[in-house]
Amino acid sequence: MIKRPFTGLSQPKLKYDSVESDPKGPETVLMPSNILLLLNDSLDSLRTSLIKKEDQVKKGEKLSLYTESTEYVISPVSGVIKKIESYPGEFGNIKTYLVIGTEENDDFVNDFEEHADKFELEAAAKLLKSLPGAPPFETLIDPTKKIHTLVISGVDEDLASTTRQYFLSTAPEDLKEGIKILQNLTKIPKIILTVPEGFNVEFEISGMQVFNISSFYPNALPEMIMKNQLKTTVPQGKTCEDIGVCFISSEAVVSIAKACRDKKVHFEKLVCVTGKDGVQKRIKTSIGTPVKSIFKHLNIHTNKNDRIVIGGPFKGFSVFTIYHPVQPCMDSIIVQDAGIIPFVSDSACINCGKCIKICPANIPVNLLVRQLEANLFEEAKETFDLESCIECGLCSYVCTAKIPIFQYIRLGKHELLKMKTETEKEGANG
Amino acid sequence: MDNKIKLTVSHAPFWHDGDSICKMNLHIMLAAMPAVIFGIVQFGMPALGVILLAVSSSMFFELIMNFATKRSLSTGDFDAALIGLLFGMMLPATTPWWVVVIGAFVAIVIGKQIYGGIGANPFNPVLVGVAILMVSWPGYFDSDAALLNYQFDFKALAPLAALKHQGVSAIDFFPIKTLIMGQQVGTIGTNFGLGLILGGIFLIIKGYIRWEITISYIAGIIITALIFNLSNSGSYAGPMFHLFSGYTLFGAIFLATENSSSPVNLIPMLIYGFLGGLMVILIRNLGAYPDGTVFAILLINLINPLIDYIRPKALGRGVNNA
Ligand code: SF4
Ligand code: SF4
Numbered sequence: 039m040i041k042r043p044f045t046g047l048s049q050p051k052l053k054y055d056s057v058e059s060d061p062k063g064p065e066t067v068l069m070p071s072n073i074l075l076l077l078n079d080s081l082d083s084l085r086t087s088l089i090k091k092e093d094q095v096k097k098g099e100k101l102s103l104y105t106e107s108t109e110y111v112i113s114p115v116s117g118v119i120k121k122i123e124s125y126p127g128e129f130g131n132i133k134t135y136l137v138i139g140t141e142e143n144d145d146f147v148n149d150f151e152e153h154a155d156k157f158e159l160e161a162a163a164k165l166l167k168s169l170p171g172a173p174p175f176e177t178l179i180d181p182t183k184k185i186h187t188l189v190i191s192g193v194d195e196d197l198a199s200t201t202r203q204y205f206l207s208t209a210p211e212d213l214k215e216g217i218k219i220l221q222n223l224t225k226i227p228k229i230i231l232t233v234p235e236g237f238n239v240e241f242e243i244s245g246m247q248v249f250n251i252s253s254f255y256p257n258a259l260p261e262m263i264m265k266n267q268l269k270t271t272v273p274q275g276k277t278c279e280d281i282g283v284c285f286i287s288s289e290a291v292v293s294i295a296k297a298c299r300d301k302k303v304h305f306e307k308l309v310c311v312t313g314k315d316g317v318q319k320r321i322k323t324s325i326g327t328p329v330k331s332i333f334k335h336l337n338i339h340t341n342k343n344d345r346i347v348i349g350g351p352f353k354g355f356s357v358f359t360i361y362h363p364v365q366p367c368m369d370s371i372i373v374q375d376a377g378i379i380p381f382v383s384d385s386a387c388i389n390c391g392k393c394i395k396i397c398p399a400n401i402p403v404n405l406l407v408r409q410l411e412a413n414l415f416e417e418a419k420e421t422f423d424l425e426s427c428i429e430c431g432l433c434s435y436v437c438t439a440k441i442p443i444f445q446y447i448r449l450g451k452h453e454l455l456k457m458k459t460e461t462e463k464e465g466a467n468g
Numbered sequence: 342m343d344n345k346i347k348l349t350v351s352h353a354p355f356w357h358d359g360d361s362i363c364k365m366n367l368h369i370m371l372a373a374m375p376a377v378i379f380g381i382v383q384f385g386m387p388a389l390g391v392i393l394l395a396v397s398s399s400m401f402f403e404l405i406m407n408f409a410t411k412r413s414l415s416t417g418d419f420d421a422a423l424i425g426l427l428f429g430m431m432l433p434a435t436t437p438w439w440v441v442v443i444g445a446f447v448a449i450v451i452g453k454q455i456y457g458g459i460g461a462n463p464f465n466p467v468l469v470g471v472a473i474l475m476v477s478w479p480g481y482f483d484s485d486a487a488l489l490n491y492q493f494d495f496k497a498l499a500p501l502a503a504l505k506h507q508g509v510s511a512i513d514f515f516p517i518k519t520l521i522m523g524q525q526v527g528t529i530g531t532n533f534g535l536g537l538i539l540g541g542i543f544l545i546i547k548g549y550i551r552w553e554i555t556i557s558y559i560a561g562i563i564i565t566a567l568i569f570n571l572s573n574s575g576s577y578a579g580p581m582f583h584l585f586s587g588y589t590l591f592g593a594i595f596l597a598t599e600n601s602s603s604p605v606n607l608i609p610m611l612i613y614g615f616l617g618g619l620m621v622i623l624i625r626n627l628g629a630y631p632d633g634t635v636f637a638i639l640l641i642n643l644i645n646p647l648i649d650y651i652r653p654k655a656l657g658r659g660v661n662n663a
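So the sequence lines, in the order shown, correspond to chains R and F. Heads up: the first sequence begins at 39 in the numbering used here, then just goes up one per residue. Heads up: the second sequence begins at 342 in the numbering used here, then just goes up one per residue.
Shown next as structure tokens:
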């Protein structure tokens with residue numbers, strides 16, 4: 039954990055982890071006999087789902103809950119569904135998890151094969167969404183977005199991860215090929231590759247620009263790249279995609295290239311795991327492997343009240359079970375010992391101003407937090423710029439009063455969204 | 342999914358820089374130590390008594406208010422202790438015990454707790470306490486009278502009072518060097534210029550006070566005093582004299598910078614500090630009080646909410662390039 043610098047005059051230097059000059063390949067973690075898949079869709083107890091307990095599934099089979107669902111997972115194994123139940127996510131967002139008992143056989147349903155030589159975006163969205171790296175095909179086919187710039191992230195957004203840089207430096211050929219495929223597929227005119235400062239890109243593609251990204255957090259966050267490199271500001275309440283810029287990780291691009299070359303999808307996900315001792319290891323394992331198996335392989339012991347963070351220290355989320363599975367977008371895992379977990383307080387804001395100095399979005403955090411504590415969400419949005427927040431988490435990181443500001447902010451945004459959908463519904467009904 | 346191990350589930354970010362209110366307050370108290378120790382050495386046991394009483398009664402009133410308002414105990418963040426310490430430093434060593442206790446009561450209860458406690462006070466609690474005492478029992482703040490029984494090996498006059506009553510000629514009694522070294526009649530913890538400056542530099546480097554306020558406050562003092570002095574050096578003392586006498590440095594470092602009652606944005610901080618310094622000199626040169634620090638800072642506390650609205654535009658506000 040990076041502590042306050044000895045002098046408080048300068049801002050804390052949160053340097054991104056950078057990949058070694060000759061990176062070591064990942065250790066392989068074998069899949070256990072039971073794997074888990076998370077579906078971003080909720081079970082409806084009144085309806086019969088397409089997939090049920092005891093169903094046989096084949097490797098490569100596309101699984102979704104109902105006929106009209108757009109959400110799906112591709113099973114990385116053949117076997118039998120042992121369990122299908124709800125999985126509580128953030129803000130009451132319910133997902134569904136499947137436990138699949140693996141069986142030894144060579145069945146492979148290859149829906150992608152027929153498309154591999156020449157495929158359209160539609161097909162990609164239907165078949166390749168859960169490739170390692172989670173390519174954002176849904177955004178790319180969304181007619182309301184009008185994507186005009188595609189940014190390939192060769193830099194990791196959060197700390198404690200080198201996954202994207204690893205692909206940037208070890209798989210330049212695949213990356214190049216993947217970018218070309220995407221160029222043909224999407225016809226997006228402007229392609230940008232982001233790389234860490236001082237990194238030399240060995241290949242050239244016509245129409246592709248390379249941007250060097252500062253090695254300090256939060257400069258690799260999409261909103262910061264928009265501001266610093268693309269010189270466009272995302273309007274309050276809008277996303278980068280809303281104004282036509284889509285981000286895709288280097289791993290996703292490499293995955294696409296591999297899928298096209300092998301004419302089949304694959305499931306090997308690269309993950310950076312930071313243990314309790316702070317040592318970082320790179321592993322590869324199949325999507326669906328519970329994190330428990332990774333810990334076992336790496337000799338990491340988890341005890342009561344430890345914390346498992348999926349993603350980085352600033353933007354990640356913590357999970358309540360060691361059976362949480364590896365997912366397509368999971369670049370890093372951090373295990374924190376119960377003893378070092380920073381304490382969150384219920385103290386009021388003391389107006390120390392540290393959050394103001396560090397906030398990259400110029401938000402009056404000290405005033406905003408007072409509104410949010412009082413549930414004044416409209417006020418928070420209108421006067422105190424809630425919707426300018428780029429969710430970097432730095433305000434909470436430095437808060438002297440240890441207020442969970444970032445959580446308040448996310449909750450506030452969530453409430454606003456809920457209010458908006460409710461008024462829209464009412465409008466539609468009335 | 343079995344959950345044999347109960348994990349901690351909480352929200353991002355999962356790191357913290359390790360700072361805390363308690364740490365901050367301890368740093369500020371540490372920074373005040375050179376001046377406090379100097380005061381105790383200079384004024385002896387009575388000074389120590391006043392400081393200890395001020396700190397302990399402040400913490401006591403904080404506890405009482407915690408119970409009265411049914412909140413969790415907050416003495417552990419040392420905020421009450423810090424208020425008590427700074428309050429004690431502003432008193433002469435001879436202040437009677439009951440005056441100290443009343444002042445601590447006013448500072449903690451009226452200055453801080455009735456607004457809802459830490460972070461909610463619009464005025465600096467220390468100054469609320471001191472101001473009430475100054476208005477109610479001005480005699481105890483007359484350092485000359487209070488310290489009549491002391492023997493000093495330097496000019497035993499409070500510099501600002503001397504300036505007020507005897508005019509600029511009195512300044513000659515107080516070479517700047519002796520002022521910086523604390524050789525002046527005054528309160529326990531606000532005389533030792535060098536110690537205060539060291540404490541201030543420490544706090545600025547550690548980031549526990551906002552340097553913008555301290556520096557602009559001092560600039561306000563120097564510039565305003567200089568203008569007066571240049572316009573009529575026969576009636577008005579020069580900037581250095583003002584800077585090193587009375588509560589000036591103490592105010593710039595420990596009082597104007599109180600978190601809750603001061604601004605956090607750059608431009609407002611500069612305005613706030615500068616106005617504070619300006620007011621001090623105006624009160625000293627034109628007003629009735631020999632020192633103006635207490636009322637000047639209370640006044641800028643008052644305007645703080647008005648000026649702290651001047652802030653940079655938030656990212657994406659009013660942008661419409663969708
Ligand atoms: S998370 Fe905090 S620091 Fe980051 S942009 Fe939002 S308000 Fe500012
Ligand atoms: S860092 Fe925390 S305590 Fe300090 S002003 Fe911001 S919200 Fe308030």
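Each residue gets a CB set at the ideal place from its N, CA and C atoms; glycine is no exception.
If you compare the alpha carbons of F:A448, F:L596 and F:Q507 with that of G575 (chain F), the shortest gap goes to F:Q507. In this structure, the C-beta of G391 (chain R) approaches ligand 2 to less than 6 Å from one of its heavy atoms. A residue is called buried once 16 or more other Cβ atoms fall within 10 Å of its Cβ, and P646 (chain F), having fewer, is exposed. Distances taken from the Cβ of V403 (chain R) to the heavy atoms of ligand 2 include one shorter than 6 Å. In this structure, Y588 (chain F) sits away from T555 (chain F), with a CB-CB distance that is not shorter than 7 Å. By the C-beta criterion, the segment 540-555 of chain F is judged to be in contact with the segment 360-370 of chain F, since at least 3 inter-stretch pairs fall below 8 Å. In the structure shown, T312 (chain R) adopts extended strand secondary structure according to DSSP, grouped into three states.
For H352 (chain F), the nearest CB of chain R lies under 7 Å from its own CB, placing it at the interface with that chain. Closest option to T182 (chain R), judged by alpha-carbon separation, among R:Y135, R:G282 and R:N266: R:G282. In the three-state reduction of the DSSP assignment, C278 (chain R) falls in the coil class.
H339 (chain R) counts as exposed, since fewer than 16 other C-beta atoms from the protein chains shown sit within 10 angstroms of its C-beta. With respect to the C-alpha of K121 (chain R), the residue from R:V57, R:Q94 and R:N143 having the closest C-alpha is R:Q94.
When Cβ pairs closer than 8 Å are counted between the two stretches, the segment 48-65 of chain R is seen to touch the segment 197-217 of chain R, the count reaching three or more. Proximity of the beta carbon of C430 (chain R) to ligand 1 is indicated: a heavy atom of the ligand is located closer than 6 Å. For S370 (chain R), the three-state secondary structure derived from DSSP is strand. In the three-state reduction of the DSSP assignment, P466 (chain F) falls in the helix class, which pools H, G and I. The continuous alpha helix (DSSP H) containing V396 (chain F) extends over residues M386 to A409. In the three-state scheme derived from DSSP, where H, G and I count as helix and E and B as strand, P64 (chain R) is classed as coil. The segment 342-349 of chain R and the segment 361-378 of chain R touch, with no fewer than 3 CB-CB distances between them shorter than 8 Å. Here T86 (chain R) has no same chain residue with a Cβ atom under 7 Å from its own Cβ, once five neighbours each way along the sequence are excluded. When Cβ-Cβ separations below 7 Å define contact, R625 (chain F) makes no contact with chain R. For P50 (chain R), the nearest CB of chain F lies under 7 Å from its own CB, placing it at the interface with that chain.
If you draw a straight line from the Cα of V436 (chain R) to the Cα of K392 (chain R), it is about 6 Å long. Against chain F, a Cβ distance below 8 Å from D144 (chain R) picks out nothing, because the smallest value is about 29 Å.
Burial state of T359 (chain R) is buried, judged by a 10 Å Cβ sphere holding 16 or more other Cβ atoms.
By the CB criterion at 7 Å, L74 (chain R) and G245 (chain R) fall outside the cutoff. Residue pairing from DSSP places S287 (chain R) in a beta bridge opposite R:S191.
It is roughly 24 Å from the alpha-carbon of V309 (chain R) to the alpha-carbon of M262 (chain R). Contacts between S557 (chain F) and chain R, judged by CB atoms closer than 8 Å, are missing: the closest CB pair is about 15 Å apart.
In this structure, the straight-line span from the alpha carbon of G457 (chain F) to that of D196 (chain R) is close to 37 Å.
Check the Cα spacing between P433 (chain F) and each of F:I529, F:N570, F:L571 and F:R625: the tightest is with F:I529. At a beta-carbon threshold of 7 Å, the residues of chain R lying near P653 (chain F) are N400, ordered along the chain. Secondary structure of V350 (chain F) (DSSP, three-state): coil. Under the DSSP assignment, P646 (chain F) falls in the alpha helix (DSSP H) whose first and last residues are T634 to I648. Using a Cβ-Cβ cut-off of 8 Å, R345 (chain R) is close to L348, T349, V350, S351 and F355 of chain F, given in chain order. One Cα belongs to I568 (chain F), the other to P402 (chain R), and the distance between them is close to 36 Å.
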